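Notes to accompany the following structure.
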Amino acid sequence: MQLVSSSKEEGKNEASSSESEWEEVEEREEQNLDDYNPVIPKEGVEITIDCPDLHIRKRKKKQFDWHEYIRLYINRERKDAQLCLHKTHLICLLAHGFFVNDVLNS
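Sequential numbering from 5 applies to the sequence shown in our numbering.
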């Protein structure tokens, strides 16, 4: 029973310490937007942003990477060969199914 009561007291202390950390501030008054009429000039508004680093950020032209080109070409050829092998396998399965069907029906 002592363990339960001591844990309850610790919980109360933690709650009071967390409440004391909050700073008291005044609440802001809500503005009524029904009567709000902003002043917008007839000629419009112009916004200018100075970006001196914009010209420095140009992309540098990369040199042609032969290793990457050859790697991509080999991968493309492997993929095409794998696709042709898959199509051939499906056709062989279909032909085998037709053969088995003819044998069983005769």
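Where is the CB? At the ideal position from N, CA and C, for every residue including glycine. In this text, all values refer to a predicted model and were calculated from it rather than measured experimentally.
Span separating the alpha-carbon of residue i from that of residue j
i: proline 56; j: glutamate 50; result: 19 Å
i: proline 42; j: lysine 65; result: 49 Å
i: arginine 75; j: aspartate 69; result: 10 Å
i: tyrosine 73; j: aspartate 84; result: 17 Å
i: asparagine 36; j: glutamate 25; result: 33 Å
i: arginine 82; j: valine 104; result: 33 Å
i: cysteine 88; j: valine 107; result: 29 Å
i: threonine 92; j: histidine 71; result: 32 Å
i: glycine 48; j: glutamate 33; result: 31 Å
i: asparagine 79; j: leucine 94; result: 23 Å
i: asparagine 109; j: tyrosine 77; result: 48 Å
i: isoleucine 44; j: valine 29; result: 34 Å
i: glutamine 86; j: leucine 97; result: 17 Å
i: histidine 100; j: histidine 90; result: 15 Å
Collapsed DSSP secondary structure at residue i in the structure displayed
i: threonine 92; result: helix
i: glutamate 81; result: helix
i: glutamate 1; result: Summary: the structure shown does not reach residue 1, with the chain confined to residues 5 through 110, and so no result is reported for it.
i: methionine 5; result: Confidence in methionine 5 is poor, its pLDDT being 47 and thus under 50, which makes the residue's placement unreliable; the coordinate value appears in the next sentence. Methionine 5 falls in the coil class under three-state DSSP.
i: valine 104; result: helix
i: glutamine 35; result: coil
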